Amino acid sequence: MDSPTSRLLATATLISQGAEAKVYKAYLHPINENGSSVQPHSTERGEPILLKHRFHKQYRHPALDTTLTKARVAGEARAIIKCIRYGVNVPGVRMVDAPAGVLGLEWIDGKSVRFLLGGGAEGVEEVVGESEENEDEEFIEEDPLREYGISQDDIMRMIGSEIAKIHKADIVHGDLTTSNMIARHPTSPKGLQLVLIDFGLAYTSTLAEDKAVDLYVLERAFASTHPASEPLFASVLNAYAENMGKDWLAVSKKLTDVRLRGRKRSMVG
Amino acid sequence: MPARVRKRSPLKLPERPYIALGLEGSANKLGAGIIRHDPDGATTVMSNVRHTYITPPGEGFLPRDTAQHHRDWALTVINDALNKAEISLHDLDCICYTKGPGMGAPLVSVALVARTLSLLYNKPLVGVNHCVGHIEMGRQITGAQNPVVLYVSGGNTQVIAYSQQCYRIFGETLDIAVGNCLDRFARVINLSNDPSPGYNIEQEAKKGKRLLPLPYATKGMDVSLSGILTSTEAYTTDKRFRSNGPSDDDGEDVITPQDLCFSLQETVFAMLVEITERAMAHIGSKEVLIVGGVGCNERLQEMMGVMAKERGGQVFATDERFCIDNGIMIAQAGLLSFRMGFQTPLSKSTCTQRFRTDEVHVAWRA
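Just so you know, the protein sequences line up as chains A and B, in that order. Going by our numbering, the first sequence runs without a break in its numbering and finishes at 269. Going by our numbering, the second sequence runs without a break in its numbering and finishes at 635.
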């Protein structure tokens, strides 16, 4: 199998493996002799891209796996493009190879919100392990947010308004967690931005119900990864409510309903 | 996790052997089990007796009839358990019973037996959450330390991970449980309920070849199963469906009940493995423990094994003695909390149909 995609994957370096896919850093165009000296954003050449490879899941029936992979890659690309059209901060799409399960996205220079809120970065636990007995205390104590020049509340407001944008475009993200949001570094060409990533489970819906479930997923993710930051979620909702305008009422009603769901909850009243 | 610090378990080694009787009857199985915790930390299963209420093909078990079954069999099953363990009720330290979740009427009838024995022999009662019982027994039997737990049975479908003295639910079904989905489909195609509908589905699925398209409904960490059941049922009214297998004059394009069992299992299990994998990636665990009745399904175990291997982890599963509802798991979880000083006073020895896994304070773990 020597398709351009597989050749690209062969030159890429693996960054992490999530539940769905392996994530690589690659260069769309190999750097030529002059390429390296060119300004990074004056041309595409030499700019890194992120490859998301949904590899074949051995446990799944091959037929089921093929259809799911294809549908998810194409669906993710479509959702991202729709987001771009509505002015949501998302990574740009660089290449799509649905049958191979590969999606190439713009490389975003920044840190995940999960990391910024002190929830640790996903998947890098093994790397940090060694250095603990030396005076790392200070380094850990330092708030990563300071580097970005914003407060926790600022981040929450940015999250709220970004989610409101996708919901107003009738896109439901489907997997909102703090690991799926990246704060673009202030020194990058586009400046500080909150970027939503991983639209693998995204779909289109006009229902307040689906939007409320989206928010509920985020609420649970907050509760499970950042135990002390529940009041912060309220600030996400405030910003969300402001940006949603009159649609907020319906979503907020549904959100109350959704919170009561789940099986075998004790019923009070 | 920088430097795996082994936290000291709050559970101290017992100064003498402790013996507990566990009574389980939250669904159609009535179980009695006796467990012993020795001062050297060893755990012995002294007896584990179960009697299942089996209904004719095409019928489920109704709460009233199931409760009647439990009342009829309670004494036989408990005596049997005592004889096999070669002890008398006087030797017990506590009597554990299922407080919930489960069907109301069967729960109540078993709790009544537990209460009566407790008063007759003056033994303390311990009410146990059924799900926690499954998890604790699975951990005990397999030796898994801190696994992501997939709890799949006729009434429950949950992905669970332990954190801060609580079994937290990461994902669950939004409508019906996976065992319920399989059992109800078994009823549609008239499979026998003996030994269990799920087992018969598994055997039929081995003969299926064709994967029919079914909805694939994962929502984040959660799954939805009722629509899949409806779609699978819809195939039985398809004009290509042959309930007695293909006849000679049929072409290739036929659907057999075996194909439907196969497709249903493949789709539903792929969803379960997927949400388990999500939970593992989320919390960074490499161990999976499968508990609950559907956990005996070898295809599910196989798929989970492949997934765990891809992630460099390993899967733990138990056989039908401990997977399917049993009394011993209630005894195990009950005795753990009893050793931490927990008792259920008689006035509070009620049952509840709704009792979530995350409501239990897991005092015996660090």
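C-beta atoms are modelled at their ideal positions from N, C-alpha and C, and glycine is treated no differently. Nothing here was measured: the structure is a model prediction, and the numbers come from that model.
Just to confirm the assignment, what range does the alpha helix (DSSP H) spanning residue i have?
{"i": "B/Ser646", "result": "The requested residue 646 of chain B is not part of the displayed model; chain B covers only 270 to 635."}
{"i": "A/Ile108", "result": "Careful: A/Ile108 lies outside any alpha helix (DSSP H) and carries neither H nor E."}
{"i": "B/Ser606", "result": "596 to 608"}
{"i": "A/Asp97", "result": "Where A/Asp97 is concerned, there is no enclosing alpha helix (DSSP H), although the beta strand (DSSP E) it sits in stretches over 93 to 97."}
{"i": "A/Val90", "result": "First-last for A/Val90: undefined, no H or E at that position."}
{"i": "A/Tyr181", "result": "In the sequence under discussion, the amino acid at residue 181 of chain A is Met, which differs from the Tyr named in the question. Where A/Met181 is concerned, there is no enclosing alpha helix (DSSP H), although the beta strand (DSSP E) it sits in stretches over 181 to 184."}
{"i": "A/Val195", "result": "No alpha helix (DSSP H) holds A/Val195; the beta strand (DSSP E) holding it covers 193 to 196."}
Please classify residue i as buried or exposed, where buried requires at least 16 neighbouring CB atoms within 10 angstroms.
{"i": "A/Gln58", "result": "exposed"}
{"i": "A/Arg146", "result": "exposed"}
{"i": "B/Arg285", "result": "exposed"}
{"i": "A/Tyr86", "result": "exposed"}
{"i": "B/Gln409", "result": "buried"}
{"i": "B/Asn469", "result": "buried"}
{"i": "B/Pro513", "result": "Checking the sequence, you will find Asn at residue 513 of chain B rather than Pro. Exposed, because fewer than 16 other Cβ atoms sit within 10 Å of the Cβ of B/Asn513."}
{"i": "B/Ser278", "result": "exposed"}
{"i": "A/Arg60", "result": "buried"}
{"i": "A/Asp143", "result": "exposed"}
{"i": "B/Arg333", "result": "exposed"}
{"i": "A/Asp210", "result": "buried"}
{"i": "B/Asp362", "result": "buried"}
{"i": "A/Asp198", "result": "buried"}
{"i": "B/Pro526", "result": "buried"}
{"i": "A/Glu76", "result": "buried"}
{"i": "A/Glu230", "result": "exposed"}
{"i": "A/Arg261", "result": "exposed"}
{"i": "A/Asn32", "result": "Below a pLDDT of 50, predicted positions are generally treated as unreliable, and A/Asn32, at 46, falls in that range; no measurement from the model is reported."}
{"i": "B/Ser616", "result": "exposed"}
{"i": "B/Glu293", "result": "buried"}
{"i": "B/Glu471", "result": "buried"}
{"i": "A/Pro99", "result": "exposed"}
{"i": "A/Ile155", "result": "buried"}
Below 8 Å CB to CB, which residues in the same chain sit around residue i once its five sequence neighbours on both sides are set aside?
{"i": "A/Leu28", "result": "Leu8, Glu44, Glu47, Ile49, Arg94, Met95, Gly104"}
{"i": "B/Phe611", "result": "Val395, Ala632"}
{"i": "B/Gly369", "result": "Ser295, Leu376, Asn398, His399, Cys620, Thr621, Gln622, Arg623, Phe624"}
{"i": "B/Gly329", "result": "Asp452, Arg453, Arg456"}
{"i": "A/Leu192", "result": "Tyr148, Gly149, Ile150, Ala183, Arg184, His185, Pro186"}
{"i": "A/Thr177", "result": "Arg114, Val217, Leu218, Ala221, Thr225"}
The ligand SAH and residue i: does the residue's C-beta get closer than 7 Å to at least one heavy atom of that ligand?
{"i": "B/Ala354", "result": "Among the components of this structure there are no ligands whatsoever, and the ligand SAH is therefore not found."}
Can you list, in chain order, the residues of its chain with a C-beta nearer than 6 Å to that of residue i? Leave out the 5 residues immediately preceding and following it.
{"i": "A/Ser161", "result": "Ala239, Asn243"}
{"i": "B/His320", "result": "Leu299, Trp342, Val346"}
{"i": "B/Thr313", "result": "Arg305"}
{"i": "B/Asp307", "result": "Pro286"}
{"i": "A/Ser188", "result": "Asp109"}
{"i": "B/Ala336", "result": "Ala374, Pro375, Ser378"}
{"i": "B/Ala413", "result": "Glu556, Leu558, Phe585"}
{"i": "B/Leu443", "result": "Asp491, Ser493"}
Could you check where the beta strand (DSSP E) with residue i kicks off and where it finishes?
{"i": "B/Ala289", "result": "287 to 293"}
{"i": "A/Thr13", "result": "13 to 17"}
{"i": "B/Ala430", "result": "426 to 431"}
{"i": "B/Cys363", "result": "363 to 369"}
{"i": "A/Pro48", "result": "48 to 53"}
{"i": "B/Leu394", "result": "394 to 398"}
{"i": "B/Glu556", "result": "556 to 560"}
{"i": "B/Met315", "result": "312 to 321"}
Can you give me the Cβ contacts of residue i inside the same chain, cut-off strictly under 7 Å, excluding the 5 residues immediately before and after it?
{"i": "B/Ser636", "result": "Residue 636 of chain B lies beyond the residue range present for chain B, which begins at 270 and ends at 635; the question has no answer from this structure."}
{"i": "B/Met490", "result": "Val428, Phe439, Gly440, Ile544, Arg547, Ala548"}
{"i": "B/Gly371", "result": "Ser295, Ala296, His399, Gly424, Gln622"}
{"i": "A/Val172", "result": "Ala202, Tyr203, Ser205, Asp210, Lys211, Asp214"}
{"i": "A/Asp65", "result": "His56, Lys57"}
{"i": "B/Val537", "result": "Val447, Cys450, Leu494, Ile497"}
{"i": "A/Ala63", "result": "none"}
(request) Could you please tell me which residues of the segment 56 to 70 of chain A, in chain order, have their CB closer than 7 Å to any CB of chain B? (result) Within the segment 56 to 70 of chain A, the qualifying residues are Gln58, Tyr59, Arg60, His61, Ala63, Leu64, Leu68.
(message) Using a Cβ distance threshold of 8 Å, determine whether the segment 398 to 409 of chain B contacts the segment 593 to 610 of chain B, with at least three qualifying pairs required.
(response) Segments in contact, yes.
(message) Using a Cβ-Cβ cutoff of 9 Å, what residues of the segment 484 to 503 of chain B are near chain A? List them in chain order.
(response) So the close ones are Tyr485, Thr487, Lys488, Gly489, Met490, Asp491.
(message) Check whether the segment 455 to 464 of chain B and the segment 477 to 495 of chain B touch, using three or more Cβ-Cβ pairs below 8 Å as the test.
(response) With the cut-off at 8 Å, the segment 455 to 464 of chain B and the segment 477 to 495 of chain B do not touch.
(request) Could you list the residues in the segment 300 to 331 of chain B with a C-beta less than 9 Å from some C-beta on chain C, going in chain order? (result) Here the protein chains are A and B, and chain C is not one of them.
(request) Report the residues of the segment 565 to 588 of chain B with a CB closer than 7 Å to any CB of chain A, ordered along the chain. (result) Residues passing the 7 Å Cβ filter: Met572, Val575, Met576, Glu579.
(request) Anything in the segment 201 to 212 of chain A with a Cβ closer than 8 Å to a Cβ of chain B? List those residues in chain order, please. (result) Answer in chain order: Leu201.
(request) Residues of the segment 504 to 515 of chain B with a CB closer than 9 Å to any CB of chain A: list them in chain order, please. (result) Listed by position along the chain: nothing, the set is empty.
(message) Under 8 Å, with one C-beta from each stretch per pair, do the segment 549 to 566 of chain B and the segment 419 to 426 of chain B reach the 3-pair mark?
(response) For the pair of segments examined, the segment 549 to 566 of chain B was found to touch the segment 419 to 426 of chain B: the number of CB pairs separated by less than 8 Å reaches three.
(request) Below 8 Å between beta carbons is the criterion; list the residues of the segment 545 to 561 of chain B that meet it against any residue of chain A, in chain order. (result) If you check each beta-carbon in the segment 545 to 561 of chain B against every beta-carbon of chain A, the ones closer than 8 Å belong to Glu546, Arg547, Met549, Ala550, His551, Gly553.
(message) To be precise: take each residue of the segment 67 to 101 of chain A, compare its Cβ to all Cβ atoms of chain B, and keep it if any distance is under 7 Å. Which residues remain?
(response) Hits within the stretch, in order: Leu68.
(request) Could you list the residues in the segment 154 to 181 of chain A with a C-beta less than 7 Å from some C-beta on chain B, going in chain order? (result) From the segment 154 to 181 of chain A, only Gly174, Asp175 have a Cβ closer than 7 Å to chain B.
(message) Taking beta-carbon pairs under 7 Å, can you tell me which members of the segment 2 to 27 of chain A lie near chain B?
(response) Taking 7 Å as the Cβ-Cβ cut-off against chain B, the residues of the segment 2 to 27 of chain A that qualify are Gly18, Ala19.
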